[in-house]
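A.B. asks:
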Amino acid sequence: MSSPPSLTADPSSTRGRGRWSRRNIAMWSVVAALGLVMAYLAYFWTERLMIDKLRVTGAQRLDAYVVSLENLLGKYDFLPRTLELNKDVVALLEHPDDPALRRGVNEYLEQVNKQARSTTIYIVNLRGVTQAASNFREKSSFVGDNVSFRPYIRDALLHTPGGFYGVGTTSREPGYFFAHGIYKDGRLLGVATVKVNIEKLEKTWEPGNDKVMLTDKHGVIFLTSEPEWKYRTLERLSDAALRELGATQQYYSYPLTPLDIAYERVLDEHARIISIRDESGGRRASPRMLSQTNSLAPRHWQFIYLSDLGPARANAQAGFGFACLLQGFFVMLFLYLRQRQRSVRQRLRAKEDLQNAYDNLEIMVAERTYSLNQVTSNLREEVEVRRQAENKLRITQNELFQAGKMAVLGQMSAGITHELNQPLTALRTMSDNAVILLERGRLDDVKGNLGMISQIVGRMGTITGQLKGFARKSVDTPVPVPVAAAIANALFLVERRMELERVNFRMNNRYNEASALCDSNRLEQVLVNLFNNALDAMAESELRQLTVTIEQLQAGGEQRVRILVADSGPGIPAEVRPHLFEPFYTTKPQGQGLGLGLAISEQIVVGFGGILRAESAPGGGAQFAIELKSDRAGA
Ligand code: ADP
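For the sequence shown, our numbering begins at -15 and goes up steadily by one.
1) Tell me whether Q574 sits in a helix, a strand or coil according to DSSP, three-state version.
2) For M390, count the other beta carbons within 10 Å of its own beta carbon; 16 or more makes it buried, fewer makes it exposed. Which is it?
3) Can you give me the Cβ contacts of A621 inside the same chain, cut-off strictly under 7 Å, excluding the 5 residues immediately before and after it?
4) Please tell me whether, using a cut-off of 8 Å, the distance from the CB of V430 to the nearest non-hydrogen atom of the ligand ADP is below it.
5) Within 10 angstroms of its Cβ, does Y160 collect 16 or more other Cβ (buried), or is it exposed?
6) Confirm the yes/no value for this check: CB of L477, any heavy atom of the ligand ADP, distance under 8 Å.
7) Answer yes or no: do G581 and G453 have a C-beta to C-beta separation smaller than 9 Å?
8) Would you list the one or two residues that DSSP bridges to K195?
9) Can you tell me the Cα-Cα spacing of P567 and L384, whole angstroms?
10) Under a three-way DSSP split, which group does H164 fall into?
11) Thinking R506 and S458 are a contact (beta carbons under 8 Å), I'd like their distance in whole angstroms, please.
12) Does at least one heavy atom of the ligand ADP sit under 8 Å from the Cβ of P554?
13) Only counting the same chain, and skipping five residues up and downstream in sequence, which positions put a Cβ closer than 7 Å to that of E599?
14) What are the partner residues of P242, as DSSP defines its beta bridges?
15) For I588, which of C502, A43 and A539 has the nearest alpha-carbon?
16) Starting from the C-beta of E219, find all residues in its chain whose C-beta is less than 6 Å away, skip the five residues before and the five after it, and write them out in chain order.
17) What separation, rounded to the nearest whole angstrom, lies between the Cα atoms of L185 and E212?
18) Out of T446, Y149 and A341, which one is the CA nearest neighbour of Y235?
19) Cβ of Y569 versus every heavy atom of the ligand ADP: is any distance shorter than 8 Å?
20) What span of residues does the beta strand (DSSP E) with T277 cover, start to end?
21) Are A418 and N433 touching if we call contact CB-CB under 9 Å?
22) With a floor of 3 residues, list each beta strand (DSSP E) that falls wholly inside the stretch 457 to 516, ordered by position along the chain.
23) Buried or exposed for D278, please, with buried defined as at least 16 other CB atoms from any protein chain shown within 10 angstroms of its CB.
24) Please tell me whether, using a cut-off of 8 Å, the distance from the CB of V532 to the nearest non-hydrogen atom of the ligand ADP is below it.
25) Answer with buried or exposed for D(-6), where buried requires no fewer than 16 other C-beta atoms within 10 angstroms of its C-beta.
26) Could you check where the beta strand (DSSP E) with Q607 kicks off and where it finishes?
27) In the structure shown, what three-state DSSP assignment does N344 receive?
28) Name the two residues that bound the continuous alpha helix (DSSP H) containing V560.
29) Give the straight-line distance between the Cα atoms of A619 and V532, rounded to the nearest whole angstrom.
30) Contact check, A163 vs I137 under 8 Å by CB: the rounded distance?
31) With the cut-off set at 9 Å, would you say N492 and L527 are in Cβ contact?
32) For a test of the three-state rule: what should DSSP assign to P602, helix, strand or coil?
33) In this structure, how does DSSP classify W285 when only helix, strand and coil are distinguished?
34) Using only the alpha-carbon positions, how far apart do N517 and Q450 sit?
35) Excluding five sequence neighbours on each side, which residues of the same chain lie with their C-beta closer than 6 Å to the C-beta of P(-11)?
36) Could you tell me the boundaries of the alpha helix (DSSP H) in which G88 lies?
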């Protein structure tokens, strides 16, 4: 028979769960690496997008700044040229020693300066000495100053219109200088110069994270939204540049030290990513910035617009975080789906196991049923064998009872023979006498004799009838038996012996009508046995008293009849008592006892659901009690 299947999950299926197998580690490492790569890609992609956006805005702003600068400068470009239109200006250059003329020109310049909203306007002769100036009233008046070293003066004297940004040598104020030659009939007389303050442009530049600067051809920052960067340079100046700047005093005596700029990445010709170290606050690196350049070609200037890359970086970091989150979500989704798939698989396996178990159970049940059927049929056979044995036993028992009865009859045969011999002798004598009386003609006496013969024959018939009744075979089925009648029948068989042995008999039949459920023949057999035993026991006794008592009692919820047979014999010795009902146990001499009487009697009584017990008689002898079920109707 197959062993019952296990309902627990296969241990091999759970092997490796809960601990990291090498395959798992490799797989998750690859996933983590891929995740990291994707997150960084997201970071760079977002940053790139943001930078592109910043470049567009930066370029627009830069264009706007350039236009506003060009507009501002363009407004003043014509002004120096118009001065030669004034006759006094030309006259002053021709007659510099005329104080009235000088005064008139000074006042004229003052007025024009005021109207044009320029910083200063002044006229220089061919030697570079200022002849008249709009600030003639001020202490820091340019009148009399020699400015021939200024490049714009030099350029103008060489017939090239000059333009120059620089810090004023007298006023120390920065400004843009426009210079143009003053001609009369094609002859150069001097130079007209207009100085314009373009620092006001700085004020229009929005303060904020974005920064602006304007640099000259040397890379000197002369206009910027960051005050600390003013007059700093983009790179270290060459000696030649320093010499040139020193000679022109373009930036007065500012040290022109380079800014600490780190160029991180070049995006194209005009755009790159830089960071400028903040020196005032120590070593802190400035945030990364997008630097966009626009060249102002004729002046060799560069407009630089710096956009803060902080928000771009923040966005990139957000992109990185979002990518991580997204991947985390997908990993969780994957784990969840895998777990679900696993549990579905487990459930299916459990179902399969259950089905297997069920199938096996069915096989087991079929096998058990088969073996049970085998056992049942064996049992049935055994029961049949036992039933047959019981039948045989019953038959044997009946035969035994019968044999016991025959044995009793055999023992009583001497008495019976004597009982029958006496009437037979009497019959012979009487029949002989009847013949003689008939020959003598004494018919009355013959008649009397024949009457007596008839009586004797009748008595003999009764005896043989009793014997025949006693000897007949009994039936097993219990029927109500009147107890007194059974006692009387049994007594009849031992009556003669009791007479001979002068046994006194007493009947205590208080319940004369009592009936017991049994067979009359069997009950008589038991009683005859008990009477004979009592007579045997009292053979040596002086007082021979046989007493029979009928009692009725209630036991175990049912009516019972008790028949007590007591004698005045010596009683039952203690050593005999345990063996009383054993077959073939006898204390009587050989030929007198078989030792079967009590054994058979007990079997008969028990067969009817009764009890046979030996007790001590009240008078000192032995007493046997037969207890049988009572027939209620007869009770
Ligand atoms: P048997 O009469 O052939 O000996 P029983 O089975 O009838 O066989 O009796 C067994 C023995 O029980 C007797 O031999 C006798 O010793 C004892 N016994 C039976 N009845 C009495 C009695 N009334 N008084 C004393 N002893 C008895």
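For glycine and all other residues, C-beta sits at the position ideal for the given N, C-alpha and C.
C.D. replies: Reading off the structure:
1) The three-state secondary structure of Q574, taken from DSSP, is coil.
2) Sixteen is the threshold: since fewer than 16 other Cβ atoms of the shown chains lie within 10 Å of the Cβ of M390, the residue is exposed.
3) With the chain running from -15 to 619 in the structure shown, residue 621 is simply not present.
4) Result no, Cβ not under 8 Å from the ligand ADP.
5) So Y160 counts as buried.
6) L477: no, Cβ never under 8 Å from the ligand ADP.
7) Against a cut-off of 9 Å, the Cβ pair of G453 and G581 comes out as no contact.
8) L290, per the DSSP bridge assignment.
9) Between the alpha carbons of P567 and L384 lies a distance of about 11 Å.
10) In the structure shown, H164 sits in a strand (DSSP, three-state: E or B).
11) In this structure, R506 and S458 form a Cβ contact; the two beta carbons are roughly 5 Å apart against a cut-off of 8 Å.
12) Residue side-chain check: P554 places its Cβ nearer than 8 Å to a non-hydrogen atom of the ligand ADP.
13) Around E599: Q607 and A609.
14) Its beta-bridge partners are T217.
15) When the alpha-carbon of I588 is set against those of C502, A43 and A539, the nearest one is in C502.
16) Result list for E219: G203 and P242, in chain order.
17) One C-alpha to the other measures close to 17 Å.
18) Ranking the options by Cα distance to Y235, first place goes to Y149.
19) Yes.
20) Unbroken beta strand (DSSP E) run through T277: M273 to L280.
21) In this structure, A418 lies near N433, with their beta-carbon atoms less than 9 Å apart.
22) The stretch 457 to 516 contains these whole beta strand (DSSP E) runs: 463 to 466, 488 to 492 and 499 to 502.
23) Here the sequence assigns Asn to residue 278, which means Asp is not the residue at that position. Taking all protein chains in view, the Cβ of N278 is crowded by 16 or more other Cβ atoms within 10 Å, so the residue is classified as buried.
24) For the ligand ADP, not one heavy atom lies less than 8 Å from the Cβ of V532.
25) The pLDDT assigned to D(-6) is 46, lower than 50, so where the model puts this residue is not dependable, and the model offers no usable value.
26) Membership of Q607 in the beta strand (DSSP E) is indicated by the continuous run A606 to K613.
27) In the structure shown, N344 sits in a helix (DSSP, three-state: H, G or I).
28) That residue, V560, is in no alpha helix (DSSP H); it is neither H nor E in DSSP.
29) Confidence in A619 is poor, its pLDDT being 39 and thus under 50, which makes the residue's placement unreliable; the coordinate value appears in the next sentence. Approximately 18 Å, taken between the alpha carbons.
30) Confirmed, Cβ separation roughly 6 Å.
31) Between N492 and L527, the C-beta spacing is not below 9 Å.
32) Note: P602 maps to coil in three-state DSSP.
33) Strand.
34) Looking at the two C-alpha atoms, the distance is approximately 20 Å.
35) Because the pLDDT at P(-11) is just 40, under 50, the model does not fix this residue reliably, and the value given afterwards should be weighed accordingly. The answer, listed in chain order, is N340, A341 and N344.
36) Element bounds for G88: P83 to A100.
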